[in-house]
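There are 2 protein chains.
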Amino acid sequence: MMGNLEHIRVIKVGGNVIDNPEALQALVNDIAAMKGPRILVHGGGKEATRLSARLDIATTMIDGRRVTDAQTIDVVTMVYAGLINKRIVAMLQAAGVNAIGMCGADGNVIPAKKRKAAPIDYGFVGDIDPQMINDGLIATLLDSGIMPVFCAICHDGEGHLLNCNADSVASAVAIAASRICRTDLTFCFEMPGVMADINDPDSLISSIDRERYAELKAEGIVSKGMIPKIDNAFDAIDRGVSSVTICRSDAVNSATGTVITA
Amino acid sequence: MMGNLEHIRVIKVGGNVIDNPEALQALVNDIAAMKGPRILVHGGGKEATRLSARLDIATTMIDGRRVTDAQTIDVVTMVYAGLINKRIVAMLQAAGVNAIGMCGADGNVIPAKKRKAAPIDYGFVGDIDPQMINDGLIATLLDSGIMPVFCAICHDGEGHLLNCNADSVASAVAIAASRICRTDLTFCFEMPGVMADINDPDSLISSIDRERYAELKAEGIVSKGMIPKIDNAFDAIDRGVSSVTICRSDAVNSATGTVITA
Chain V
812 MMGNLEHIRV IKVGGNVIDN PEALQALVND IAAMKGPRIL VHGGGKEATR LSARLDIATT
872 MIDGRRVTDA QTIDVVTMVY AGLINKRIVA MLQAAGVNAI GMCGADGNVI PAKKRKAAPI
932 DYGFVGDIDP QMINDGLIAT LLDSGIMPVF CAICHDGEGH LLNCNADSVA SAVAIAASRI
992 CRTDLTFCFE MPGVMADIND PDSLISSIDR ERYAELKAEG IVSKGMIPKI DNAFDAIDRG
1052 VSSVTICRSD AVNSATGTVI TA
Chain L
812 MMGNLEHIRV IKVGGNVIDN PEALQALVND IAAMKGPRIL VHGGGKEATR LSARLDIATT
872 MIDGRRVTDA QTIDVVTMVY AGLINKRIVA MLQAAGVNAI GMCGADGNVI PAKKRKAAPI
932 DYGFVGDIDP QMINDGLIAT LLDSGIMPVF CAICHDGEGH LLNCNADSVA SAVAIAASRI
992 CRTDLTFCFE MPGVMADIND PDSLISSIDR ERYAELKAEG IVSKGMIPKI DNAFDAIDRG
1052 VSSVTICRSD AVNSATGTVI TA
């Protein structure tokens, strides 16, 4: 336990919400209405893909991860650490939240390791060890009433910026925060949670444990981008995070969504 | 006086140095070699102009200030707050300096006011009142051994990012820092200082007071972008900064350059 912190909420917001100005503003308002220390982690892949296209830089995705060559790390640094991060910070400030936008290089808060070039060379893509996260700086900021807003650009400590997965950053930050005090993690996006039938809005699965997760994967109900998100959720719970919820961005202050339980 | 801080150095680095990887690395090394609390403020206009051109966005400059429409504020936010700021932070971290990159919206550290649309409508361009700068956050960071790295993107507190002049940001930050403790300001760029003859490297003017400044302007020796820089320097000295030096980026740790004296 550090400082006087008793409870931290970590909220991850995905690219489709960021792409929707009304949804993003509503989320900012909901964050402003929350009590107590909180941390936001954001993605922004769609905007990065659009900027790459405008700059005639090809976008290559493998298993949902962006292959990040030298030109592409510049693009994602501009979009995530610049445009989106500062836009969100300005919106939060206007809503009365003293936010500070950071990438992982800032204050060396989230060191990463460049992924090995084999079997797939993703380029400037990094992976994070939650143990390496600078929870002291996070605690200092939260204790001062400041809300960190993290994008998923990290660094290797040797001068290279690395593109990391925003869900993994959120999970790692929540694990680090759980060393400070009780921490809850919410992944919010454009869906009400994990759905049994993607076309049926009433098919929300209210909770998933490991057994149910294995079934859902076997049945093909959980697939693609949802798999790493749920894997990150279980990892967070196993490593100290009190609860993980997957919900729609307008439900961060309600109890609706999919709760991931050990 | 706040905390245990006794002396702060504020260093402004201009766009031509940022554009030159060797010069920038040398400056980073010199900053790493400095003792004590320091703050870096950076520009980056040339890179913003290049990105605008690649995106087919016209660049309009009036009296050396960029007319900043809605598309252009996105460009400068990406380039200044994203690409250049994080690149410099990663370089400083690699050199052992615990840097944190910020725009003025982060921690509400540098609030700005949108410039009036008359007589010239510069769009999303802001001006800064040094009195409004959050010196408490700056002191907290410096006291924690963290070096703030500021770009010149600020905000109006109502959700709008504003493009400010980096020399003015440096001057205002130095004035704010001088409320914490003794502060020296260095503007470093690609020239040895203010030159009597731009083509003669031996013509460095070693010091300028107000009287000499009036003469230099009347003679046309000081003109264009150097005028607001020197105006900012005098403003800083008048408002509490102990010294202002204009020098080449490889001279920040030596005594060579042009000293501005009251």
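Protein sequences appear in the order of chains V and L. Under our numbering, the first residue of the first sequence carries the number 812, and numbering increases by one thereafter. Under our numbering, the first residue of the second sequence carries the number 812, and numbering increases by one thereafter. Ideal Cβ placement from N, Cα and C applies to all residues, glycine included. Because the structure is a prediction, the values reported are computed rather than measured.
Residues of the segment 857-869 of chain L with Cβ closer than 9 Å to any Cβ of chain V, in chain order: Identification of residues in the segment 857-869 of chain L having a C-beta nearer than 9 Å to some C-beta of chain V yields 862, 865, 866, 867, given in sequence order.
Which residue spans inside the segment 916-990 of chain V form an unbroken alpha helix (DSSP H) run of at least 4? Those alpha helix (DSSP H) runs which fall completely within the segment 916-990 of chain V and span 4+ residues are 946-954, 977-988.
Which whole-angstrom value describes the C-beta separation of residue 972 of chain V and residue 964 of chain V, a residue pair presumed to lie in contact below a C-beta threshold of 8 Å? For the purposes of this step, residue 972 of chain V is identified with residue 161 of the first sequence, where counting begins at 1. For the purposes of this step, residue 964 of chain V is identified with residue 153 of the first sequence, where counting begins at 1. Right, their Cβ atoms sit about 6 Å apart.
Determine, for residue 890 of chain L, whether the minimum Cβ-Cβ distance to residues of chain V falls below 9 Å. As a working mapping, residue 890 of chain L is identified with position 79 in the second sequence. Closer than 9 Å: yes.
Report, in whole angstroms, the separation of the C-beta atoms of residue 919 of chain L and residue 958 of chain L, which I expect to be a contact under 8 Å. Position 108 of the second sequence, counting from 1, holds the residue named residue 919 of chain L. Position 147 of the second sequence, counting from 1, holds the residue named residue 958 of chain L. Contact check for residue 919 of chain L and residue 958 of chain L: beta-carbon distance about 19 Å, past the 8 Å limit, so the pair fails to qualify.
What does a CB cutoff of less than 6 Å around residue 830 of chain V pick up in its chain, not counting 5 residues either side in sequence? Working through the first sequence from its first residue, we reach residue 830 of chain V at position 19. Hits under 6 Å: 857.
May I ask you to list the residues that DSSP assigns as paired with residue 995 of chain L? Here residue 995 of chain L is taken as the residue at index 184 of the second sequence, counted from 1. BP columns for residue 995 of chain L point to L:820, L:1054.
When DSSP labels each residue in this structure, what does residue 888 of chain V get in the three-state scheme? Translated into the one-based positions of the first sequence, residue 888 of chain V becomes position 77. Helix, per DSSP.
Can you give me the C-alpha to C-alpha distance between residue 861 of chain V and residue 867 of chain L, rounded to a whole angstrom? By one-based count along the first sequence, residue 861 of chain V stands at place 50. By one-based count along the second sequence, residue 867 of chain L stands at place 56. If you draw a straight line from the Cα of residue 861 of chain V to the Cα of residue 867 of chain L, it comes to about 15 Å.
Sort out for me which residues DSSP pairs residue 1069 of chain L with in a bridge. Taking the first residue of the second sequence as 1, we reach residue 1069 of chain L at position 258. Paired residue(s): L:1057.
So, at 8 Å on beta carbons, what are the nonlocal neighbours of residue 911 of chain V in its own chain, with the 5 sequence-adjacent residues on each side left out? What you label residue 911 of chain V is simply residue 100 of the first sequence in a count that begins at 1. Around residue 911 of chain V: 900, 952, 957, 958, 959, 960.
List the residues of chain V whose Cβ lies closer than 8 Å to the Cβ of residue 972 of chain L, in chain order. Position 161 of the second sequence, counted from the first residue, corresponds to residue 972 of chain L. What residue 972 of chain L touches in chain V: 897, 898, 901.
Integer-rounded CB distance, given that residue 892 of chain V should sit under 8 Å from residue 893 of chain L: Stepping through the second sequence from its first residue, residue 893 of chain L is reached at position 82. Stepping through the first sequence from its first residue, residue 892 of chain V is reached at position 81. Right, the Cβ-Cβ distance comes to about 4 Å (below 8 Å), so this counts as a contact.
Through-space distance from residue 1054 of chain V to residue 823 of chain V, alpha-carbon basis: As a working mapping, residue 823 of chain V is identified with position 12 in the first sequence. As a working mapping, residue 1054 of chain V is identified with position 243 in the first sequence. In a straight line, the C-alpha of residue 823 of chain V is about 14 Å away from that of residue 1054 of chain V.
Three-state class that DSSP yields for residue 879 of chain V in the structure shown: Reading the first sequence from its first residue, position 68 is the one you call residue 879 of chain V. DSSP places residue 879 of chain V in strand when its eight states are reduced to three.
Give the straight-line distance between the Cα atoms of residue 990 of chain L and residue 1049 of chain L, rounded to the nearest whole angstrom. Position 179 of the second sequence, counted from the start, is the residue given in the question as residue 990 of chain L. Position 238 of the second sequence, counted from the start, is the residue given in the question as residue 1049 of chain L. About 13 Å.
What span of residues does the beta strand (DSSP E) with residue 913 of chain V cover, start to end? Numbered from its first residue, the first sequence carries residue 913 of chain V at position 102. Bounds of the beta strand (DSSP E) holding residue 913 of chain V are 910-913.
Note down, one range per segment and in chain order, each alpha helix (DSSP H) of at least 4 residues found wholly within the segment 824-863 of chain V. List check, alpha helix (DSSP H) in window: 826-829, 832-844.
Which value, in whole angstroms, describes the spacing of the CA atoms of residue 1020 of chain V and residue 1030 of chain V? Against the first sequence, residue 1020 of chain V aligns to sequence position 209. Against the first sequence, residue 1030 of chain V aligns to sequence position 219. One C-alpha to the other measures close to 15 Å.
Pull up the distance between the alpha-carbon of residue 915 of chain L and that of residue 914 of chain V, whole angstroms please. As a working mapping, residue 915 of chain L is identified with position 104 in the second sequence. As a working mapping, residue 914 of chain V is identified with position 103 in the first sequence. Rounded to whole angstroms, residue 915 of chain L and residue 914 of chain V show a C-alpha spacing of 15 Å.
Neighbour flag for residue 969 of chain L against chain V, beta carbons, 9 Å: Walking along the second sequence from the start, residue 969 of chain L turns up at place 158. Using a CB distance cut-off of 9 Å, residue 969 of chain L counts as an interface residue toward chain V.
Backbone secondary structure at residue 1002 of chain L - three-state DSSP: Numbered from 1 along the second sequence, position 191 holds the residue referred to as residue 1002 of chain L. In the structure shown, residue 1002 of chain L falls within a coil segment according to DSSP collapsed to helix, strand and coil.
Apply the 10 Å Cβ neighbour rule to residue 1009 of chain V and answer buried if 16 or more other Cβ atoms are within range, or exposed otherwise. Start at 1 with the first residue of the first sequence, and residue 1009 of chain V comes out as number 198. Taking every protein chain shown into account, the CB of residue 1009 of chain V has fewer than 16 other CB atoms within 10 angstroms, so this residue is exposed.
Buried or exposed by the 16-neighbour rule on C-beta atoms within 10 Å, applied to residue 1059 of chain V: In the first sequence, the residue the question calls residue 1059 of chain V occupies position 248. With 16 or more other Cβ atoms within 10 Å, it is buried.
When you measure from the CB of residue 980 of chain L to every non-hydrogen atom of the ligand ATP, does any distance come out below 8 Å? For the structure depicted, the ligand ATP is absent and the ligand set is empty, with no information on it obtainable.
Beta-carbon proximity of residue 1044 of chain L to residue 1000 of chain L, cut-off 9 Å: Residue mapping note: residue 1044 of chain L aligns to position 233 of the second sequence, counting from 1. Residue mapping note: residue 1000 of chain L aligns to position 189 of the second sequence, counting from 1. For the pair residue 1044 of chain L and residue 1000 of chain L, the CB atoms are not nearer than the 9 Å cut-off.
Quick one: is residue 876 of chain V near chain L, going by C-beta distance under 9 Å? Counted from its first residue, the first sequence places residue 876 of chain V at position 65. So no, residue 876 of chain V is outside the interface.
So, helix, strand or coil for residue 812 of chain L, using DSSP? Position 1 of the second sequence, counting from 1, holds the residue named residue 812 of chain L. Low confidence applies here, because residue 812 of chain L scores a pLDDT of 45, under 50, leaving its location unreliable; read the following figure in that light. Coil, per DSSP.
List the residues of chain V whose Cβ lies closer than 8 Å to the Cβ of residue 818 of chain L, in chain order. Numbered from 1 along the second sequence, position 7 holds the residue referred to as residue 818 of chain L. Those within 8 Å of residue 818 of chain L in chain V number zero; the least Cβ separation is about 22 Å.
C-alpha distance - residue 873 of chain V paired with residue 835 of chain V, whole-angstrom precision: Here the question's residue 873 of chain V lines up with position 62 in the first sequence. Here the question's residue 835 of chain V lines up with position 24 in the first sequence. Roughly 28 Å separates the two Cα atoms.
Which residues bound the alpha helix (DSSP H) around residue 897 of chain V? Counted from its first residue, the first sequence places residue 897 of chain V at position 86. 896-905 is the extent of the alpha helix (DSSP H) around residue 897 of chain V.
Smallest Cα separation from residue 815 of chain V: which of V:962, V:890, V:992, V:975? Along the first sequence, one-based indexing puts residue 815 of chain V at 4. Nearest C-alpha to residue 815 of chain V: V:992.
Just checking: is the beta-carbon of residue 851 of chain V within a distance shorter than 9 Å of some beta-carbon in chain L? If you number the first sequence from 1, residue 851 of chain V lands on position 40. Not one chain L Cβ lies under 9 Å of residue 851 of chain V.
So which residues on chain L does residue 916 of chain V lean against when the C-beta distance must stay under 7 Å? Counted from its first residue, the first sequence places residue 916 of chain V at position 105. Neighbours of residue 916 of chain V in chain L, taken as residues at a C-beta separation under 7 Å, are given in chain order as 897, 900, 901, 904.
Can you pull the chain V residues whose beta carbon is under 8 Å from the beta carbon of residue 964 of chain L, in chain order? Counting from 1 along the second sequence, the entry for residue 964 of chain L is found at position 153. Residues of chain V passing the Cβ test: 897.
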